[in-house]
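Student: Chains E and P are the protein sequences, given in the same order.
Residue numbers for the first sequence follow the working numbering, so the first one is 1 and each next one is one higher.
Residue numbers for the second sequence follow the working numbering, so the first one is 1001 and each next one is one higher.
Sharing a structure, written as structure tokens. Questions coming.
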Amino acid sequence: MGELYPRLALQNIRRGRQFYLPYLLTVLATCAAFYLVLALNRQSLWPDKARYAYLSAFMTIGSLVIALFAAVFLTYTGRFLSKRRQRELGLYNILGMGKGHIALILGYEALFLAVAGIGGGLLAGMVLQGVFTALLSALMGMPPIFSPAPSPAGAVATAGLFAAILLGNLVLDLARLKLQKPVELLRESAVGEREPRTRWLLALAGLATLGGGYAIAVTAPSAADALVLYFPAVLLVILGTYCLFTAGSVAVLKLLKKNRRFYYQTTHFIGLSGMLYRMKRNAVGLANICVLCTMVLVMTSGTLTLYLGSEELIPKRYPGEVTVCVVYDPAAERPLDQAELDRRFALCAQRWGYPDARELDQTACAALWLTEVGEGVFQDGDPAPGLSRFYFYLMPYETYERRTGLPLPHDGAAHIYREGGWPWETLTLDFGGDDLACFPVGQPLEAIPDVISALLYVGSNDCYVALPEEALAQLSQLRAESGRGPLSLTRSAYWDLGGDPGDYATVLRAFYGENWTGLGQYDRLFFQDRESFAQEYYALNSGFFFLGVFLGSLFLLATALILYYKQLVEGYEDQARYHILRAVGMDRATIRRSVNGQLLVVFFAPLLVSGVHLVFHFPLVRRLLTLFGVYDLWLELACALGALGLFLLLYAGMYRLTARAYARIVG
Amino acid sequence: MPMLEVQELKKVYAPRFGGSPVQALNGVTFHLEEGEFAAVMGESGSGKTTLLNILAALGQPTAGRVRLDGRDLAQVRERDLAAFRRDKLGFIFQEFNLLDTFSLRDNILLPLVLAGTRVGELEPRLQPLARALGLEELLDKFPYEVSGGQKQRAAVARALITRPRLVLADEPTGALDSRSADQLLRLLRSFNDQGQTIVMVTHSLQAASHARRVLFIKDGAIFRDLRRGDLAEGRFYAAIAQVLTVLQTGGEDRG
């Protein structure tokens, strides 16, 4: 007798494998994913602390997203599975099995599923861990790391989380069981859903939210705005998607139904009424699928663009293998002797074994936060509320000409680039002293010069100003006199040393030990090497890319599962219907056509809408990508289309699998 | 020429996993003229449903022949079968078998739509039937919104709308209360009076007594073929009851 319940539980699982197998696979996959992210997040795995920081942040985000996703999604599918079984449980009850016994069976089922799912997931995670570590290290441009050692802490955390989720599911099931009366359990859920009304208000709300989201996406004026407005826009679009699918689909179907000539055609007749019949449930399902599809596409295409686009940024920000930066006051009494610095650096390089070191280029730039206080008047100081602040990059004409290759008139005017143009005739800088600096404004700059060597910067409210070199010294003096201190001009000289870039980080540290006095007055001298920057940058972007693809795959799995379950359930509901249809004279070919028509709509309506979402998302993400220095339209297009293509391929595969399962049931 | 000829029909079900084969029909022969209303009676397992399935071309006989208007059902090609059923036969089921996704109107129109009938022709075909069956007010309701009797009347309309040669009814009153059953049988009878040929499988004495002829099946063969002729309804009822008694007590009466 004691063995009866485990045996019954196993039998149930085996009999319902069409439902339990996908569920088990989901538990397994999310479990493996969670473990992998935890295992990859181990500090001991990665050598370099700086790089590790990005990775750790990404993996932490990843683990949170997966945990949340697992909790929501597994609860959703679990509820779906138990709903389907109400009849069977009712039958047990009526056949004389007490609720305690049913609970025991449910408990054993949950136990078996949990052991198989979590055990299998951990096993899969440990097997894949080596591959993923090697992959990730290769993506980051490091020598591949093979780490066969499993993470016990990760395994424990994973097992704990998933056991808790599955236990929660079981508790929900048991609570529901306790509340139900056996006769109700037995009663079929065949009571028809009332034909839904067209809800114009909801449709209108959907249009408004969707339109709002799209409008933000298209009109966000700058990268910074895009960053701030990104999540509100996404939220609006998601809301709009749900509203429109719920209200819009009913409206469209009803309109089609009203058209008698369309409706009373063999293939439309069956499909249309079927869809209208379960539209409410259908709509939410379709919206879920649409949102998940969009998320997958956005994540993978965006992170792919970022990963591939990062190549381009590096030579822009770091024209030479090594950058020698010196920060100084251009109005100092004994100003920096630039030629002497170059000579001394070349000598130093020679001493350290780089006789071929040569300087490629140099730039100078001073950056200031300024507040707009009047027409073309900008004030240095604490911003007053309600006034906009601008980040000014002040540079000599020569720097602009060198970095862009475009000539400028050396006429003493300020040549300015500002998003949206410069509407005033003068530029006035107010440092709070008695005197103001005023420049006539010349021609707008045609290109943005690359003068910033930061990893990531927010390029909104940026003004690039090219001035005569002497003007910078005058400004510095003016600022010093007004008590705000002199201007800090950064001069960057780009060098190629002609050695192995891998050594530069060490060599440059040694350079600091040299004698750098007797060069005139300066604040700070420092060296940067491109290789370190590149590695850090790759670590950031490949972490991003990895996470995007990883989560994208997980969401794709969820999409597949939702679609599959949806069609499976509808298949069982439609089984009797198609049986009747055959009895009243519908032949198999027509049935197949009608089924295919319905399936095509279910699969491709959400995809079509996500396609539209993607189109509107494109300008928004383009602006966001400029934050990371990616401007390449063709690359962005290619990545978006590539991700879409791959997705379509997988989606078509899912369609075939699902269609086959459905046809088997109703056929 | 009789409209329906059933000759030496045999059906053997071979069990899938060993065991001895089951003889469901063992040489059934009868003819049906146009305009007849025949009830098929017999105990559970006597082969009634098997017979009806074969008449409906939903099952193949092991031996023997069924001809409708001289056309052998076995000769109808597989891919024409659906169209054949749709055009020649009308079905009424015990469980109504209405589609809950359709309003009654669309349920009734279903066979016409499947046959690709022009939209303009749909309503003119529907209206007189709906009037005759008292469904005019209910056409836009869904099956779960109406009573069992109303559902079965809609099913009758669906069976008749293609103007079939033969209506096959499988226990049409089985799921109805006696009042609805009576109403339905009167309706079937009045359609029969207008010339509709009907074969009805039933358990119910009351139902059978509305037919003009009752075929009793026992152990897969025709046991008795009773015609109403000029008998009054009460007498016919009594005659059926008598045969049933013989049938159930296992008598060897072969009249």
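Ideal placement from N, C-alpha and C gives every residue a C-beta, glycine not left out.
When you compare each of Pro152/E, Leu136/E, Ala153/E, Ser151/E to Ile145/E by their alpha carbons, which one comes out closest?
Tutor: Here residue 145/E corresponds to residue number 145 of the first sequence, with the count starting at 1. When each option's Cα is compared against that of Ile145/E, the closest is Leu136/E.
Student: In the DSSP output, what is Glu372/E paired with across the bridge?
Tutor: Locating residue 372/E in the first sequence gives position 372, counting from the first residue. In the DSSP output, where bridge partners are listed per residue, Glu372/E has Phe378/E.
Student: Return helix, strand or coil for His410/E, following the three-state DSSP convention.
Tutor: Looking up residue 410/E in the first sequence gives position 410. In the structure shown, His410/E sits in coil (DSSP, three-state: anything other than H, G, I, E or B).
Student: Among Ala413/E, Leu487/E, Leu276/E, which residue has its Cα nearest to the Cα of Val602/E?
Tutor: Numbered from 1 along the first sequence, position 602 holds the residue referred to as residue 602/E. Nearest option by C-alpha distance: Leu276/E.
Student: Measuring only the C-alpha atoms, how far is Met1/E from Leu167/E?
Tutor: For the purposes of this step, residue 1/E is taken as residue 1 along the first sequence, with counting starting at 1. For the purposes of this step, residue 167/E is taken as residue 167 along the first sequence, with counting starting at 1. Unreliable placement is indicated for Met1/E, whose pLDDT of 49 sits below 50; no coordinate value is reported for it.
Student: For Ser189/E, which three-state DSSP category applies?
Tutor: As a first step, residue 189/E is located in the first sequence; it is residue number 189 there, counting from the start. Residue placement at Ser189/E is poorly supported in this model, since its pLDDT is 46, which falls under 50; the coordinates are not used for a value here.
Student: Going along chain E in order, which residues have a C-beta closer than 7 Å to the C-beta of Val1119/P?
Tutor: Here residue 1119/P refers to the residue found at position 119 of the second sequence. Under the 7 Å cutoff, chain E gives Arg260, Arg261, Tyr264.
Student: Hey, how far is the Cα of Thr266/E from the Cα of Leu1104/P?
Tutor: Residue numbering aside, residue 266/E sits at position 266 when the first sequence is read from its first letter. Residue numbering aside, residue 1104/P sits at position 104 when the second sequence is read from its first letter. Their Cα atoms are separated by approximately 17 Å.
Student: Are the segment 1085-1099 of chain P and the segment 1111-1129 of chain P in contact at 8 Å, needing three or more beta carbon pairs?
Tutor: Yes: the two stretches touch, three or more of their Cβ pairs being nearer than 8 Å.
Student: Please identify the residue among Ala357/E, Tyr565/E, Arg42/E whose C-alpha is closest to the C-alpha of Tyr504/E.
Tutor: Against the first sequence, residue 504/E aligns to sequence position 504. Of the candidates Ala357/E, Tyr565/E, Arg42/E, the one whose C-alpha sits nearest the C-alpha of Tyr504/E is Ala357/E.
Student: If you measure beta-carbon to beta-carbon, which residues of the segment 104-122 of chain E are closer than 8 Å to chain P?
Tutor: Residues passing the 8 Å Cβ filter: none.
Student: Mapping DSSP to helix, strand and coil, what is Glu1034/P?
Tutor: Along the second sequence, read from residue 1 onward, the residue named residue 1034/P stands at position 34. DSSP places Glu1034/P in coil when its eight states are reduced to three.
Student: So, for Ala57/E: in the same chain, excluding its five sequence neighbours on each side, which residues have a beta-carbon less than 6 Å away from its beta-carbon?
Tutor: Here residue 57/E refers to the residue found at position 57 of the first sequence. The answer is none, since no qualifying residue turns up.
Student: Determine which residues of the segment 1089-1115 of chain P have a Cβ less than 9 Å from any Cβ of chain E, and write them out in chain order.
Tutor: Listed by position along the chain: Leu1089, Gly1090, Phe1091, Phe1093, Asn1097, Leu1098, Leu1099, Asp1100, Thr1101, Phe1102, Ser1103, Asp1106, Leu1109, Leu1110, Pro1111, Leu1112, Val1113, Leu1114, Ala1115.
Student: Indicate the three-state DSSP secondary structure (helix, strand or coil) for Lys1010/P in the structure shown.
Tutor: Position 10 of the second sequence, counted from the first residue, corresponds to residue 1010/P. Strand, per DSSP.
Student: If you compare alpha carbons, which of Lys257/E, Leu487/E, Ala663/E, Leu445/E is closest to Glu573/E?
Tutor: Residue numbering aside, residue 573/E sits at position 573 when the first sequence is read from its first letter. When only C-alpha atoms are compared, the closest one is Ala663/E.
Student: For Gly629/E, which residues in the same chain have their Cβ closer than 6 Å to its Cβ, ignoring the five residues on either side in sequence?
Tutor: One-based indexing of the first sequence puts residue 629/E at position 629. Counting only Cβ-Cβ distances below 6 Å, and skipping sequence neighbours, we find Leu313.
Student: So which residues on chain P does Met586/E lean against when the C-beta distance must stay under 7 Å?
Tutor: Here the question's residue 586/E lines up with position 586 in the first sequence. Under the 7 Å cutoff, chain P gives Ala1082, Leu1114.
Student: When you compare only the Cα positions, how much space is there between Leu508/E and Leu497/E?
Tutor: Here residue 508/E refers to the residue found at position 508 of the first sequence. Here residue 497/E refers to the residue found at position 497 of the first sequence. Their backbone Cα atoms lie some 11 Å apart in a straight line.
Student: Given that a residue counts as buried once 16 or more other Cβ atoms are within 10 Å of its Cβ, and exposed if not, what is Phe1037/P?
Tutor: The residue labelled residue 1037/P in the question sits at position 37 within the second sequence. By the 10 Å Cβ count, Phe1037/P comes out buried.
Student: For a test of the three-state rule: what should DSSP assign to Ser44/E, helix, strand or coil?
Tutor: As a first step, residue 44/E is located in the first sequence; it is residue number 44 there, counting from the start. In the structure shown, Ser44/E sits in a helix (DSSP, three-state: H, G or I).
Student: Any chance you could list the beta strand (DSSP E) runs of at least 3 consecutive residues sitting entirely within the segment 470-518 of chain E, in chain order?
Tutor: Taking only runs of at least 3 residues, the beta strand (DSSP E) segments lying wholly in the segment 470-518 of chain E are 489-496.
Student: Pick helix, strand or coil for Met59/E, following the three-state DSSP scheme.
Tutor: Residue mapping note: residue 59/E aligns to position 59 of the first sequence, counting from 1. If DSSP states are grouped into helix, strand and coil, Met59/E belongs with the helices.
Student: Thinking Leu370/E and Phe392/E are a contact (beta carbons under 8 Å), I'd like their distance in whole angstroms, please.
Tutor: For this step, residue 370/E is matched to residue 370 along the first sequence. For this step, residue 392/E is matched to residue 392 along the first sequence. That pair is a contact at about 5 Å.
Student: Under the DSSP definition of a beta bridge, which residues are partnered with Lys566/E?
Tutor: For this step, residue 566/E is matched to residue 566 along the first sequence. BP columns for Lys566/E are empty, so no partner.
Student: For Arg1179/P, would you say it is in contact with chain E, using Cβ-to-Cβ distances shorter than 9 Å as the test?
Tutor: In the second sequence, the residue the question calls residue 1179/P occupies position 179. Not closer than 9 Å to any Cβ of chain E, the Cβ of Arg1179/P fails to qualify, so no.
Student: Please list, in chain order, the chain E residues whose beta carbon lies closer than 7 Å to that of Arg1085/P.
Tutor: Residue numbering aside, residue 1085/P sits at position 85 when the second sequence is read from its first letter. What Arg1085/P touches in chain E: Gly585.
Student: If I follow the unbroken alpha helix (DSSP H) through Gln265/E, where does it start and stop?
Tutor: Along the first sequence, one-based indexing puts residue 265/E at 265. Here Gln265/E belongs to no alpha helix (DSSP H), and DSSP marks it neither H nor E.
Student: In chain order, what residues of the same chain lie with their CB nearer than 7 Å to the CB of Tyr354/E, ignoring the 5 residues before and after it?
Tutor: By one-based count along the first sequence, residue 354/E stands at place 354. Counting only Cβ-Cβ distances below 7 Å, and skipping sequence neighbours, we find Leu497, Gly498, Gly499.
Student: For Arg1275/P and chain E, any beta-carbon pair shorter than 9 Å?
Tutor: For chain P, the structure presents residues 1001 to 1255; residue 1275/P sits outside this window and is missing.
Student: Measuring alpha carbon to alpha carbon, tell me which of Ala1057/P, Gly1047/P, Asp1069/P, Tyr1013/P ends up nearest Leu1032/P.
Tutor: Within the second sequence, residue 1032/P is the residue found at index 32, counting from 1. Nearest option by C-alpha distance: Asp1069/P.
Student: Can you pull out the residues from the segment 238-258 of chain E whose beta carbon lies closer than 8 Å to at least one beta carbon of chain P?
Tutor: So the list is empty, because no residue satisfies the distance condition.
Student: Give the secondary structure of His579/E by DSSP, where H, G and I count as helix, E and B as strand, and everything else as coil.
Tutor: Taking the first residue of the first sequence as position 1, residue 579/E is located at position 579. In the structure shown, His579/E sits in a helix (DSSP, three-state: H, G or I).
Student: How many whole angstroms separate the CB atoms of Leu620/E and Thr305/E, which I take to be in contact at a CB cut-off of 8 Å?
Tutor: The residue you call residue 620/E lines up with position 620 of the first sequence. The residue you call residue 305/E lines up with position 305 of the first sequence. Actually they do not touch by this definition, with Cβ atoms about 13 Å apart.
Student: Looking at Val237/E: is its Cβ nearer than 9 Å to the Cβ of Met279/E?
Tutor: Counting from one through the first sequence, the residue named residue 237/E turns up at place 237. Counting from one through the first sequence, the residue named residue 279/E turns up at place 279. No, the Cβ-Cβ distance between Val237/E and Met279/E is not below 9 Å.
Student: Going by the DSSP bridge assignment, what does Glu359/E pair with across the sheet?
Tutor: Locating residue 359/E in the first sequence gives position 359, counting from the first residue. Paired residue(s): Trp495/E.
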